Structures are given as C-alpha cells and as structure tokens.
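Structure first, commentary second.
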Amino acid sequence: MLGNAKFILLGNNKTLIMVDNYTFSQHKHRYYYCSQRFKGCQAKLKLDQNKTQIVSLCNEHNHDPPVYKQMDSGLYFKI
169 MLGNAKFILL GNNKTLIMVD NYTFSQHKHR YYYCSQRFKG CQAKLKLDQN
219 KTQIVSLCNE HNHDPPVYKQ MDSGLYFKI
C-alpha cells in the first residue's frame, strides 16, 4: 500500500500520513505537506487517485520528527 507510510488518526479526528516518523497533513485531495510547513519545512508527498500509493515524495525536513504515542484506542497523541 503506502510502503513505510501509514495513516494515523489523532485524538481530534484529524488524519495524518506518517513517513519515517514525520507527519504530513492533507492540503488538497491527493497532496500532503509536512505538518511543520508553517515553520518553513518544504517536505511533501502526493498520493495516487485511489490514495493507496505514494507517487512522489520529497522527504527532506529542516527539523526533527515529532513524537507521537499510540493509545490503546488506536488514536495517536503528540507528546
């Protein structure tokens, strides 16, 4: 499916994609940008039309990855 990437659901019902511990939030239908974009990070990815494959990935970040913990409910929370 997404290789080493996975969809994660946060406690606020927002869905992110996690790749190598970095998170990406949806910008448009198939486009996701680093969750730290507001800090100037240019990392981004694009999914295919079925949202099952990453068709392009720029995974160069200007920051450390955020730390998330998965709860028993399956939801993720940023620590």
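When you line the sequence shown up against my numbering, it's residues 169 to 247, in that order. Quick reminder that beta carbons are idealized off the backbone N, C-alpha and C, glycines included. Note that this is a predicted model, so its numbers are computed, not measured.
| task | Sort out for me which residues DSSP pairs V187 with in a bridge. | result | A173, Y190
| Opening and closing residue of the beta strand (DSSP E) in which V223 lies | 222-226
| request: Please work out which residues of its chain come closer than 7 angstroms, Cβ to Cβ, to Y201, disregarding the five sequence neighbours upstream and downstream, and give them in chain order. | output: F192, S193, H195, K212
| What residue does the beta strand (DSSP E) around F245 start on, and which one ends it? | 244-246
| request: Determine the burial state of Q204: buried for a count of at least 16 other Cβ atoms within 10 Å of its Cβ, exposed for fewer. | output: buried
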